[in-house]
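Participant: The listed protein sequences derive, respectively, from chains A and B.
Under our numbering, the first sequence has 418 at position 274, and the numbering climbs by one with no breaks.
Under our numbering, the second sequence has 42 at position 37, and the numbering climbs by one with no breaks.
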Amino acid sequence: MANNILNFSLADFFFNDNPDVLSPPDDFSEWINNPVVKHSFSFFEQELLDAPRVSTEILSNLDGQRRKIINLTSYNYLGLSTHPEVVQAAKEALDKYGLGSSGAPLLSGTLDIHTEFARKLAEFKQKEDCILYSSGFGGNVGAIQGMMRKGDYLVMDEKCHRSLVDGGTLSGAKMLFFAHNDMESLQMMLEKAKGKRTLVVVEGVYSMDGDLAKMPEICDLAEQYGAGIFIDEAHSTLMFGEHGRGVAEHFGVEDRVGVSFGTLSKSFGGVGGFICANKDLIRYLKGYSSPWNFSCAPSPAVSGGLIKALEVATRDSSLRDKMWENTRYMKKNLLDMNLDLGGTESQVIPIIIGNSGEKLMTYAEKMQKAGLFLQPVDFPAVPAHSRRFRMSVSSQLTQEEMDTTLSIIEDVIVKDMKS
Amino acid sequence: MTKEKIIEVIAENIKENLDDLENETIDPMKSMKDYGANSLDMIEVVSCSMRELNIKVPRAELADIENIDQLADKFLEHAEA
């Protein structure tokens with residue numbers, strides 16, 4: 145491996161052939177301790193020393209310095225994690241209920257605020273009922289694993305999140321992946337699954353590309369084949385649609401989508417996940433969805449804060465309007481610099497650098513040292529020819545912060561790519 | 006190690022990891038996709054085959070491979086290195 149060590153990635157060490165079960169593969173340590181590999185991993189797990197706002201402070205792994213930064217990596221799209229009313233509501237719930245729920249939801253973990261929050265989420269999403277999960281990942285795994293069985297078919301977009309794929313693996317259902325947002329490929333897979341219980345799984349906004357599922361066409365095809373539709377609105381709830389209900393509302397297809405997933409850690413600013421669907425399916429999931437059955441119910445402080453977050457984000461459209469205004473400004477200026485933003489249609493804006501992992505890491509380091517925290521996204525998280533930065537635009541961004549961001553990107557990326 | 010041996014190992018792993026192929030002859034000019042493999046199945050087949058053949062090819066080098074024959078060539082290249 146010594147002569148081509150830099151061609152390896154995390155994708156190569158998944159299978160472990162070390163006879164000692166308590167050790168990683170033999171060559172994993174050689175690889176991860178190589179100075180160049182080690183340096184590229186130093187971008188990860190850097191500590192934020194303050195709240196994950198746009199304006200925060202980082203303890204840099206690159207040089208050990210504390211540094212004020214503009215943070216465009218956190219998913220705090222609407223700034224709700226530090227919204228004063230949300231924090232106050234969380235404090236009040238903390239004072240009343242304490243830190244934990246002390247039980248699984250089925251036995252003793254369900255508190256009145258969990259029921260209230262689930263009801264409000266169901267009303268918001270215009271579905272009959274809602275089930276709350278302590279983690280977003282758990283929500284997706286739990287819904288898919290709870291609904292699907294061996295002999296069933298999952299027809300998933302190839303860019304679906306890991307939680308959906310893991311849920312599929314756990315369910316025992318056959319997984320067929322269609323080419324991203326490609327209706328011909330979707331139809332081919334639906335044809336293969338014909339006559340079986342089939343669930344089509346898509347995301348409202350795809351997290352690495354920021355593009356949207358082609359919902360009207362997907363609904364047409366799924367209906368033609370009698371398949372159900374599951375949409376993951378992790379990056380779209382509270383932001384898309386006239387009322388902020390997500391991409392399904394944006395396309396006017398909410399009635400045609402059977403199961404709607406949302407996360408509580410992104411625009412909501414807390415942590416957790418939820419599934420909205422018809423009452424009977426939610427009742428069924430409560431019997432078979434392991435991450436609900438066998439996890440402690442969400443922390444009451446988090447749920448108390450989230451009830452307020454839902455209220456703040458939906459009582460008017462000011463937060464999402466501001467987020468869209470900022471998104472339009474950033475996108476226009478990045479495009480004016482001739483940067484490749486892929487097919488983004490949302491507040492998730494990729495800046496695609498290309499196949500050079502070295503450039504990606506050099507840019508990431510220079511930008512961070514100049515005061516911009518934009519994490520590199522490397523292979524295998526994205527294809528090797530389209531390594532990128534992924535910007536999360538927030539309503540919190542001020543004009544000055546946006547202009548500083550753009551000038552750092554111009555200095556570091558644009559000037560180098562031109563030369 | 007011969008290319009025939011490598012193809013044999015890959016074919017066995019394809020049969021083991023995919024449904025309904027017990028009695029099929031695997032055609033090396035075809036892609037695993039033609040036998041119903043999804044991306045997770047392909048990782049499983051490639052990883053199991055490499056483990057059995059005691060070779061390690063970086064995943065980045067496998068991205069453009071189109072069929073089983075090309076995969077065998079790539080394995081052979083690394084077995085001889």
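Glycine residues also receive a C-beta, built at the ideal position from the N, C-alpha and C atoms.
Since the model is a prediction, treat every value here as computed from it, not as a measurement.
Between the Cα of His258 (chain A) and the Cα atoms of A:Glu545, A:Pro444, A:Arg210, which residue gives the shortest distance?
Facilitator: The residue you call residue 258 (chain A) lines up with position 114 of the first sequence. The shortest C-alpha separation from His258 (chain A) is found at A:Pro444.
Participant: Does the separation of the CB atoms of Gly388 (chain A) and Gly414 (chain A) fall below 8 Å?
Facilitator: Residue 388 (chain A) sits at position 244 when you count from the first residue of the first sequence. Residue 414 (chain A) sits at position 270 when you count from the first residue of the first sequence. The answer is no: Cβ separation not under 8 Å.
Participant: Pick out whichever of B:Ala84, B:Ile73, B:Ala65, B:Ile15 has its Cα sitting closest to the Cα of His529 (chain A).
Facilitator: Counting from 1 along the first sequence, the entry for residue 529 (chain A) is found at position 385. Of the candidates B:Ala84, B:Ile73, B:Ala65, B:Ile15, the one whose C-alpha sits nearest the C-alpha of His529 (chain A) is B:Ala65.
Participant: Can you name, in chain order, every residue of its own chain whose Cβ lies under 8 Å from the Cβ of Gly370 (chain A), other than the five neighbours on each side?
Facilitator: In the first sequence, the residue the question calls residue 370 (chain A) occupies position 226. Cβ neighbours of Gly370 (chain A) beyond the five flanking positions: Thr342.
Participant: Between Leu192 (chain A) and Arg532 (chain A), what straight-line distance do the alpha-carbon atoms span, to the nearest angstrom?
Facilitator: Residue 192 (chain A) sits at position 48 when you count from the first residue of the first sequence. Residue 532 (chain A) sits at position 388 when you count from the first residue of the first sequence. Each residue's Cα considered, the two are about 22 Å apart.
Participant: Starting from Ala155 (chain A), find everything on chain B with Cβ-Cβ shorter than 7 Å and list it in chain order.
Facilitator: Locating residue 155 (chain A) in the first sequence gives position 11, where the first residue counts as 1. Result: Arg64.
Participant: Rounding to the nearest angstrom, what Cα-Cα distance links Gln543 (chain A) and Val230 (chain A) in this structure?
Facilitator: Residue mapping note: residue 543 (chain A) aligns to position 399 of the first sequence, counting from 1. Residue mapping note: residue 230 (chain A) aligns to position 86 of the first sequence, counting from 1. Answer to the nearest angstrom: the Cα atoms are 25 Å apart.
Participant: Tell me where the beta strand (DSSP E) around Thr200 (chain A) begins and ends.
Facilitator: As a first step, residue 200 (chain A) must be located in the first sequence, where it is residue number 56. Taken as a continuous stretch (DSSP letters only), the beta strand (DSSP E) holding Thr200 (chain A) covers 199-203.
Participant: Please list the partners that Ala528 (chain A) has in chain B, where partner means a Cβ-to-Cβ separation under 7 Å.
Facilitator: Taking the first sequence and counting its residues from 1, one reaches residue 528 (chain A) at position 384. Ala65, Ala68, listed in chain order.
Participant: On the CB-based measure, 16 or more other CB atoms within 10 Å of its CB, does Met6 (chain B) come out buried or exposed?
Facilitator: In the second sequence, the residue the question calls residue 6 (chain B) occupies position 1. Met6 (chain B) is exposed by the Cβ-count criterion.
Participant: Would Lys271 (chain A) be called buried (16 or more neighbouring beta carbons within 10 Å of its own) or exposed?
Facilitator: On the first sequence, residue 271 (chain A) is found 127 positions in, with the first residue counted as 1. It counts as buried.
Participant: Can you tell which of A:Gly339, A:Leu298, A:Gly354 has the C-alpha that lies nearest to the C-alpha of Leu330 (chain A)?
Facilitator: Numbered from its first residue, the first sequence carries residue 330 (chain A) at position 186. Residue A:Leu298 is the option with its Cα nearest to Leu330 (chain A).
Participant: How many angstroms separate the CA atom of Ile275 (chain A) from the CA atom of Lys510 (chain A)?
Facilitator: Locating residue 275 (chain A) in the first sequence gives position 131, counting from the first residue. Locating residue 510 (chain A) in the first sequence gives position 366, counting from the first residue. Their Cα atoms are separated by approximately 44 Å.
Participant: Quick one: is Val325 (chain A) near chain B, going by C-beta distance under 8 Å?
Facilitator: Position 181 of the first sequence, counted from the first residue, corresponds to residue 325 (chain A). The displayed chain sequence assigns Asn, not Val, to residue 325 (chain A). By this cut-off, Asn325 (chain A) is not an interface position.
Participant: Give a yes or no on whether the minimum CB-CB distance between Phe158 (chain A) and chain B is below 8 Å.
Facilitator: By one-based count along the first sequence, residue 158 (chain A) stands at place 14. With 8 Å as the cut-off, Phe158 (chain A) counts as an interface residue toward chain B.
Participant: Once the 5 residues before and after Val51 (chain B) are set aside, which same chain residues still bring their CB inside 6 Å of it?
Facilitator: Residue numbering aside, residue 51 (chain B) sits at position 46 when the second sequence is read from its first letter. Once the five neighbours on either side are set aside, Val51 (chain B) has no close Cβ partner at all.
Participant: Would Asn28 (chain B) count as contacting chain A if we go by Cβ distances under 8 Å?
Facilitator: The residue you call residue 28 (chain B) lines up with position 23 of the second sequence. Not one chain A Cβ lies under 8 Å of Asn28 (chain B).
Participant: Would you list the residues sitting across from Pro494 (chain A) in a DSSP beta bridge?
Facilitator: As a working note, residue 494 (chain A) is residue 350 in the first sequence. Per DSSP, A:Arg534.
Participant: With a cut-off of 8 Å, does the C-beta of Phe322 (chain A) fall near any C-beta of chain B?
Facilitator: By one-based count along the first sequence, residue 322 (chain A) stands at place 178. No, its Cβ sits nowhere closer than 8 Å to a Cβ of chain B.
Participant: Please report the residue range of the beta strand (DSSP E) in which Met300 (chain A) lies.
Facilitator: Within the first sequence, numbered from 1, the residue matching residue 300 (chain A) stands at position 156. Note, Met300 (chain A): beta strand (DSSP E), 297-301.
Participant: Check whether the stretch 371-378 of chain A and the stretch 446-463 of chain A touch, using three or more Cβ-Cβ pairs below 8 Å as the test.
Facilitator: No: the two stretches stay apart, fewer than three of their Cβ pairs being nearer than 8 Å.
Participant: State the DSSP-derived secondary structure class of Ala445 (chain A), mapped to helix, strand or coil.
Facilitator: Sequence index remark: in the first sequence, residue 445 (chain A) carries index 301 (1-based). In this structure, Ala445 (chain A) counts as helix in the three-state DSSP scheme.
Participant: Considering only their Cβ atoms, is the gap separating Asn325 (chain A) from Phe517 (chain A) smaller than 8 Å?
Facilitator: To locate residue 517 (chain A), count along the first sequence from 1; it is residue 373. To locate residue 325 (chain A), count along the first sequence from 1; it is residue 181. Against a cut-off of 8 Å, the Cβ pair of Asn325 (chain A) and Phe517 (chain A) comes out as no contact.
Participant: Return the residue from the list A:Phe384, A:Thr217, A:Gly295, A:Ser439 that minimises the CA-CA distance to Thr564 (chain A).
Facilitator: This structure cannot speak to residue 564 (chain A), because chain A is shown only from 145 to 563.
Participant: Report the rounded CA-to-CA distance for Glu13 (chain B) versus Leu154 (chain A), giving the unit in angstroms.
Facilitator: Taking the second sequence and counting its residues from 1, the one referred to as residue 13 (chain B) is at position 8. Taking the first sequence and counting its residues from 1, the one referred to as residue 154 (chain A) is at position 10. Using only the alpha carbons, I get a separation of about 28 Å.
Participant: Kindly indicate if chain B contains any beta-carbon less than 8 Å away from that of Met319 (chain A).
Facilitator: The sequence position of residue 319 (chain A) within the first sequence is 175, counting from 1. Yes - at least one Cβ of chain B is within 8 Å of the one on Met319 (chain A).
Participant: Hey, how far is the Cα of Arg210 (chain A) from the Cα of Met474 (chain A)?
Facilitator: The residue labelled residue 210 (chain A) in the question sits at position 66 within the first sequence. The residue labelled residue 474 (chain A) in the question sits at position 330 within the first sequence. Looking at the two C-alpha atoms, the distance is approximately 27 Å.
Participant: Taking buried to mean at least 16 other C-beta atoms within 10 Å of its own C-beta, is Gly417 (chain A) buried or exposed?
Facilitator: As a first step, residue 417 (chain A) is located in the first sequence; it is residue number 273 there, counting from the start. Classification of Gly417 (chain A): buried, given that the 10 Å Cβ count is 16 or more.
Participant: Terminal residues of the continuous beta strand (DSSP E) containing Cys420 (chain A)?
Facilitator: Your numbering for residue 420 (chain A) matches position 276 in the first sequence. Run containing Cys420 (chain A): 417-421, per the beta strand (DSSP E) assignment.
Participant: Does the structure place the stretch 232-246 of chain A close enough to the stretch 427-436 of chain A that three or more beta carbon pairs sit under 8 Å?
Facilitator: These segments do not touch.
Participant: Taking a cut of 7 Å between CB atoms, which residues from the stretch 270-294 of chain A lie near chain B?
Facilitator: Correct list: empty, as no residue qualifies.
Participant: I'd like to check one pair, Tyr221 (chain A) with Ser551 (chain A): are the Cβ atoms closer than 8 Å?
Facilitator: The residue labelled residue 551 (chain A) in the question sits at position 407 within the first sequence. The residue labelled residue 221 (chain A) in the question sits at position 77 within the first sequence. No.
Participant: Check distances from the C-beta atoms of the stretch 20-45 of chain B to those of chain A and list, in chain order, the residues that come in under 9 Å.
Facilitator: Correct list: Asp24, Gly41, Asn43, Ser44, Leu45.
Participant: Cβ closer than 8 Å: which chain D residues qualify as neighbours of Ser52 (chain B)?
Facilitator: Among the protein chains in the structure shown, which are A and B, there is no chain D.
Participant: I need the boundaries of the alpha helix (DSSP H) containing Val346 (chain A), first residue and last residue.
Facilitator: Here residue 346 (chain A) is taken as the residue at index 202 of the first sequence, counted from 1. Run containing Val346 (chain A): none in the alpha helix (DSSP H); it sits in the beta strand (DSSP E), 342-347.
Participant: Three or more C-beta pairs under 8 Å: does that hold for the stretch 7-27 of chain B against the stretch 493-502 of chain A?
Facilitator: Output reads no: the stretch 493-502 of chain A does not touch the stretch 7-27 of chain B.
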